[in-house]
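A.B. asks: Numbering (my numbering), first residue to last: 412 to 774.
Glycine included, each C-beta is placed from N, C-alpha and C at the ideal position.
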């Protein structure tokens, strides 16, 4: 299970990040509170990608590379195609590490692999896969850099899916990530029961996208219906609902309502707060925090590299929730993780999220 230690209040982390990251904020504006240990926060939701340069094994489909999203992704990662071709896809990881080194609050990031679509033979279907980040590449980077944790991705329809889970665990995986609507995975498919039981055996949580998906050019949103997670939960899997199902509706019911109902039934169900402060989701964090079912069940994630995009995530999008002084102070934070922490804390993310003591390898 994910272990939680309750400590001092929300204002503590807000004060800490603002005091550490913004020297211009005076002591009178940020009361002295017990300090959070430096770099003690773990970001459970960080992405990398690549074009296959340097033998990484990554790829991005030709269609995606022609799409406007591709250029936006490169800018968010802080790299250019020329840099990748010259230095290899490892440049994306290096840039993440450079940015992370400047954070006062966040010390480690779970870097996520991304498996592809699988054909009827149980093999990778490159023709239907828009983006692929192999486990081997991510595992190697995590092994070389202690601030990175390995988030594996295994499509359960692979013919050797269980063996791949074993491999991932042996190479340090702390969780398994799915994007069902893009990977064409139906979490409610009874054929996945052996996969779920293997996750339980290996003590690997399942971090899976819930709700509508718009980062890719095509997605079958029906597969990200939170209600489809019931089968995994019945098998005893620890499930983390990425983005807390805050967008989309199913059978006329908001996805968040469907996730909330599952929260009441299954204590091994959690949700992450990644992307919940984006412009298109600016009301969603408040909606989640208003529901008692989520108390003690939220974990921290950013959906890196999206917080680098200041047009997408900004304190200025909260004119009535934050004071002018708060907005100015948070916007002045240069480091993306510290800025994300400060914004979410100012918007009321509870102290337990920041003081979570993860034992990911022991889940």
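#1: Round the Cβ separation of residue 624 and residue 636 to the nearest angstrom and send it over; I've been treating them as touching at under 8 Å.
#2: Starting from the C-beta of residue 487, find all residues in its chain whose C-beta is less than 6 Å away, skip the five residues before and the five after it, and write them out in chain order.
#3: Please state the DSSP three-state secondary structure of residue 435.
#4: Is the CB-CB distance between residue 560 and residue 521 below 8 Å?
#5: Hey, how far is the Cα of residue 567 from the Cα of residue 493?
#6: In the DSSP assignment, what residue or residues form a beta bridge with residue 620?
#7: Taking the beta carbon of residue 764 as the centre, do at least 16 other beta carbons fall within 10 Å, making it buried, or is it exposed?
#8: Please work out which residues of its chain come closer than 7 Å, Cβ to Cβ, to residue 776, disregarding the five sequence neighbours upstream and downstream, and give them in chain order.
#9: Considering only their Cβ atoms, is the gap separating residue 683 from residue 516 smaller than 8 Å?
#10: Find out if the Cβ-Cβ distance for the pair residue 589, residue 617 is shorter than 8 Å.
#11: Just curious, the beta strand (DSSP E) that residue 452 is in, first and last residue?
#12: For the beta strand (DSSP E) that residue 683 lies in, which residues bound it at each end?
#13: Leaving aside the five residues before and after residue 464 along the sequence, list all residues of the same chain whose C-beta is less than 7 Å from its C-beta, in chain order.
#14: What is the DSSP secondary structure of residue 665, counted as helix, strand or coil?
#15: I'd like the list of long-range same chain contacts for residue 598, defined as Cβ closer than 8 Å, with 5 residues on each side in sequence excluded.
#16: Compute the distance between the beta-carbons of residue 685 and residue 707, then report whether it is under 8 Å.
#17: Run through the DSSP bridge pairs and tell me what residue 659 is partnered with.
C.D. replies: Once the coordinates are examined:
#1: At roughly 12 Å, the Cβ-Cβ gap does not stay under 8 Å, so residue 624 and residue 636 are not in contact.
#2: 716, 719, 720
#3: Here the model assigns residue 435 a pLDDT of 36, short of 50, so the residue's position is not dependable, and the following value carries that caveat. Three-state result, residue 435: coil.
#4: yes
#5: 35 Å
#6: 653
#7: buried
#8: Nothing about residue 776 can be read from this structure; the chain reaches only from 412 to 774.
#9: no
#10: yes
#11: 452-458
#12: 680-683
#13: 495, 496, 499, 500
#14: strand
#15: 589, 591, 619, 634, 639, 640, 642, 643
#16: no
#17: None; residue 659 has no bridge partner.
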